[in-house]
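Novice: Below are the structure tokens for one structure; questions will follow.
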Amino acid sequence: EAGVAQSPRYKIIEKRQSVAFWCNPISGHATLYWYQQILGQGPKLLIQFQNNGVVDDSQLPKDRFSAERLKGVDSTLKIQPAKLEDSAVYLCASSLGTAKETQYFGPGTRLLVL
Amino acid sequence: AQSVTQLDSHVSVSEGTPVLLRCNYSSSYSPSLFWYVQHPNKGLQLLLKYTSAATLVKGINGFEAEFKKSETSFHLTKPSAHMSDAAEYFCVVSVTGTASKLTFGTGTRLQVTL
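So the protein lines, in turn, are chains A and B. The numbering used here applies: residue 1 is where the first sequence begins, and numbers increase by one. The numbering used here applies: residue 1001 is where the second sequence begins, and numbers increase by one.
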């Protein structure tokens, strides 16, 4: 069974530029999550989708971050414009969808903002 | 509100000796608790999870954890460390009925020496 796929694996940009990350969840998984992991910290949930609807985006900085999952499968997370403090690993995870289901994580995208 | 505190940011053990990674949780409701492991440049992998069944939970690679409500603890143990266990370990809490919203601890880096 293929795992959660993410691309790119690494990205370096300058502040005020824009960047986008892509995630393809495990086939059949209805719930998709984006996390931000700053160096030395645990992952923090940014947004949670159930199929193509947003369940929780309370910690998403909506002035600069956006995410979509238009067809209920893969998803894109965008940052525009990027700030230095956005340097982090962005993790995508998926689960079957019901409460207490195990979340399966992708390898992450490491972003460096200069 | 829910949270976890990982009491050690870094633990070093010799190969073949026991491993103890400590975690305390705080939750207003019945929690689900997890341990995830993160190897360098790889995604987070679930080691084990507690969801109100048996208090002693066995996971992959010889790890286990015991849920102690009176102590609000969920420490991770392994009888004999292997070099391949060197990684970052995260204690995670989820509140029952909140559609798998995970709150991560800050992580414990496990170093295994010869």
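Just so it is clear, CB atoms sit at the ideal spot from N, CA and C, and this is done for glycine as well.
Would you say residue 1005 (chain B) lies against chain A (beta-carbon separation less than 8 Å)?
Specialist: Here residue 1005 (chain B) refers to the residue found at position 5 when the second sequence is read from its first residue. Output row for residue 1005 (chain B): interface = no.
Novice: At a Cβ cut of 9 Å, what residues of the segment 1034 to 1046 of chain B count as close to chain A, listed as they run along the chain?
Specialist: Correct list: 1034, 1036, 1038, 1041, 1042, 1043, 1044, 1045 and 1046.
Novice: Can you list the residues of chain A that residue 1090 (chain B) reaches, using a CB-CB cut of under 9 Å?
Specialist: Here residue 1090 (chain B) corresponds to residue number 90 of the second sequence, with the count starting at 1. Chain A residues near residue 1090 (chain B): 42 and 43.
Novice: Tell me whether the beta-carbon of residue 50 (chain A) lies closer than 8 Å to the beta-carbon of residue 44 (chain A).
Specialist: For the purposes of this step, residue 50 (chain A) is taken as residue 50 along the first sequence, with counting starting at 1. For the purposes of this step, residue 44 (chain A) is taken as residue 44 along the first sequence, with counting starting at 1. Going by C-beta atoms, residue 50 (chain A) is not nearer than 8 Å to residue 44 (chain A).
Novice: Assuming the contact rule is C-beta atoms closer than 8 Å, residue 1029 (chain B) and residue 1095 (chain B) should be a hit. Round their C-beta distance to whole Å, please.
Specialist: If you number the second sequence from 1, residue 1029 (chain B) lands on position 29. If you number the second sequence from 1, residue 1095 (chain B) lands on position 95. That pair is a contact at about 5 Å.
Novice: Using the DSSP secondary-structure output, state which residues sit across from residue 1075 (chain B) in a beta bridge.
Specialist: Your numbering for residue 1075 (chain B) matches position 75 in the second sequence. Residue 1075 (chain B) is bridged to B:1066.
Novice: Roughly how many angstroms lie between the CA atoms of residue 34 (chain A) and residue 52 (chain A), to the nearest whole one?
Specialist: Here residue 34 (chain A) corresponds to residue number 34 of the first sequence, with the count starting at 1. Here residue 52 (chain A) corresponds to residue number 52 of the first sequence, with the count starting at 1. Approximately 14 Å between the Cα atoms of the pair.
Novice: For the putative contact between residue 1108 (chain B) and residue 1089 (chain B), defined by C-beta atoms under 8 Å, what is the C-beta separation to the nearest angstrom?
Specialist: Counting from one through the second sequence, the residue named residue 1108 (chain B) turns up at place 108. Counting from one through the second sequence, the residue named residue 1089 (chain B) turns up at place 89. With 8 Å as the limit, residue 1108 (chain B) and residue 1089 (chain B) qualify as a contact, their Cβ atoms being about 5 Å apart.
Novice: Name the chain A residues whose beta carbon is nearer than 7 Å to that of residue 1107 (chain B)?
Specialist: Counted from its first residue, the second sequence places residue 1107 (chain B) at position 107. Within 7 Å Cβ-Cβ: 42.
Novice: State yes or no: is the C-beta of residue 1057 (chain B) within less than 8 Å of the C-beta of residue 1045 (chain B)?
Specialist: Numbered from its first residue, the second sequence carries residue 1057 (chain B) at position 57. Numbered from its first residue, the second sequence carries residue 1045 (chain B) at position 45. Taking 8 Å as the Cβ cut-off, residue 1057 (chain B) and residue 1045 (chain B) do not qualify as a contacting pair.
Novice: Give me whichever residues DSSP pairs with residue 56 (chain A) in a beta bridge.
Specialist: Locating residue 56 (chain A) in the first sequence gives position 56, where the first residue counts as 1. Paired residue(s): A:48.
Novice: Residues of chain B with a CB under 9 Å from the CB of residue 109 (chain A): which are they?
Specialist: Locating residue 109 (chain A) in the first sequence gives position 109, where the first residue counts as 1. Within chain B, no residue comes near residue 109 (chain A); the closest Cβ sits about 11 Å away, beyond 9 Å.
Novice: Exposed or buried, which one is residue 12 (chain A) when buried takes at least 16 other CB atoms within 10 Å?
Specialist: Position 12 of the first sequence holds residue 12 (chain A). Under this definition residue 12 (chain A) is an exposed residue.
Novice: Taking beta-carbon pairs under 8 Å, can you tell me which members of the segment 10 to 27 of chain A lie near chain B?
Specialist: Those residues of the segment 10 to 27 of chain A that come within reach of chain B (Cβ to Cβ, closer than 8 Å) do not exist; the list is empty.
Novice: Run through DSSP, which three-state label would residue 1060 (chain B) get?
Specialist: Counting from 1 along the second sequence, the entry for residue 1060 (chain B) is found at position 60. Helix.
Novice: Residues of the segment 1048 to 1070 of chain B in Cβ contact with chain A at a cutoff of 9 Å, in chain order, please.
Specialist: Answer set for the segment 1048 to 1070 of chain B: 1049 and 1051.
Novice: Quick check on DSSP: helix, strand or coil for residue 1084 (chain B)?
Specialist: In the second sequence, the residue the question calls residue 1084 (chain B) occupies position 84. Helix.
Novice: Opposite residue 1038 (chain B) in the DSSP bridges: which residues?
Specialist: The residue given as residue 1038 (chain B) occupies position 38 in the second sequence. Answer is B:1044 and B:1088.
Novice: With residue 90 (chain A) as the anchor, note down where its beta strand (DSSP E) starts and where it stops.
Specialist: Against the first sequence, residue 90 (chain A) aligns to sequence position 90. It spans 88 to 95 - the beta strand (DSSP E) in which residue 90 (chain A) sits, taken as one unbroken run.
Novice: Residue 1033 (chain B) and residue 1076 (chain B): beta carbons closer than 8 Å?
Specialist: Taking the first residue of the second sequence as 1, we reach residue 1033 (chain B) at position 33. Taking the first residue of the second sequence as 1, we reach residue 1076 (chain B) at position 76. Taking 8 Å as the Cβ cut-off, residue 1033 (chain B) and residue 1076 (chain B) do not qualify as a contacting pair.
Novice: Helix, strand or coil, according to DSSP, for residue 1015 (chain B) in the structure here?
Specialist: Start at 1 with the first residue of the second sequence, and residue 1015 (chain B) comes out as number 15. Note: residue 1015 (chain B) maps to coil in three-state DSSP.
Novice: From the DSSP secondary-structure annotation, give me the bridge partner or partners of residue 81 (chain A).
Specialist: Along the first sequence, one-based indexing puts residue 81 (chain A) at 81. Residue 81 (chain A) is not bridged to any residue.
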